[in-house]
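Participant: Numbering (our numbering), first residue to last: 596 to 724. Sharing a structure with you now.
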Amino acid sequence: MFHRLEFFKRLQKKQPNEFVVWSGVKRSVDMVWGEMLGTIRQKMILLLEEERLDVRDLSQVLGLSEKDVYAHLEHIQRSVSRQGKNLFMAPCECLSCGYVFKDRKRIKKPGRCPKCRQSHILGAMFKIE
Ligand SMILES: [Zn+2]
596 MFHRLEFFKR LQKKQPNEFV VWSGVKRSVD MVWGEMLGTI RQKMILLLEE ERLDVRDLSQ
656 VLGLSEKDVY AHLEHIQRSV SRQGKNLFMA PCECLSCGYV FKDRKRIKKP GRCPKCRQSH
716 ILGAMFKIE
């Protein structure tokens, strides 16, 4: 099966002037990454339509800070809902006591667990459905 995340990771490792086969045609990495895959937000949507990812995956493969990824996700949440889709969030979880942040609507990771007060928290996983 074709995995977009794996493909994006491979593109990230190549030089911009190297070539890859895209839709059966040999093109430069630069062109596929920029013109074919579109803006950062479009790339993020392509990835999230295919699999569940967390903010760390997205920041690594797109070369962004986690802070920027959160900002883009907020926009994506609004734009996909206009298309009748939904940005699904698997809830954050406290790694110290196992508390699950079930009712949390905000995209950003909470700073502290309300139950045990620790700040070792596993961020949400996202997917567009
Ligand atoms: Zn906790």
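Each residue gets a CB set at the ideal place from its N, CA and C atoms; glycine is no exception.
1) Can you name the start and end residues of the alpha helix (DSSP H) that F602 belongs to?
2) Which residues are close to ligand 1, meaning CB closer than 6 Å to any heavy atom, in chain order?
3) Are the stretch 622-633 and the stretch 651-666 in contact at 8 Å, needing three or more beta carbon pairs?
4) Should I723 and L659 be called a contact, given that it needs their Cβ atoms to be closer than 8 Å?
5) What span of residues does the beta strand (DSSP E) with S623 cover, start to end?
6) Under the three-state reduction of DSSP, which class applies to I716: helix, strand or coil?
7) Assuming contact is defined by CB atoms lying nearer than 8 Å, are L657 and M639 in contact in what I supplied?
8) Determine the extent of the alpha helix (DSSP H) in which V664 is found, giving its start and end residues.
9) Between which residues of its own chain and G718 is the CB-CB distance below 8 Å, once the five residues before and five after are set aside?
10) Exposed or buried, which one is F597 when buried takes at least 16 other CB atoms within 10 Å?
11) What did DSSP end up calling I723 once you bin it into helix, strand or coil?
12) Please state whether DSSP places E646 in a helix, a strand or coil.
Facilitator: On the basis of the supplied data:
1) What you label residue 602 is simply residue 7 of the sequence shown in a count that begins at 1. The continuous alpha helix (DSSP H) containing F602 extends over residues 599-608.
2) C689, S691, C692, Y694, C708, K710, C711, Q713
3) no
4) The residue labelled residue 723 in the question sits at position 128 within the sequence shown. The residue labelled residue 659 in the question sits at position 64 within the sequence shown. No.
5) For the purposes of this step, residue 623 is taken as residue 28 along the sequence shown, with counting starting at 1. It spans 620-623 - the beta strand (DSSP E) in which S623 sits, taken as one unbroken run.
6) Here residue 716 corresponds to residue number 121 of the sequence shown, with the count starting at 1. Strand at I716.
7) Your numbering for residue 657 matches position 62 in the sequence shown. Your numbering for residue 639 matches position 44 in the sequence shown. Against a cut-off of 8 Å, the Cβ pair of M639 and L657 comes out as a contact.
8) Here the question's residue 664 lines up with position 69 in the sequence shown. Run containing V664: 661-677, per the alpha helix (DSSP H) assignment.
9) In the sequence shown, residue 718 corresponds to position 123, counting from 1. Contacts found: D649, V650, R651, C687, K704.
10) Numbered from its first residue, the sequence shown carries residue 597 at position 2. So F597 counts as exposed.
11) On the sequence shown, position 128 is the one that residue 723 refers to. The answer is strand: DSSP assigns I723 an E or B state.
12) Here the question's residue 646 lines up with position 51 in the sequence shown. Coil, per DSSP.
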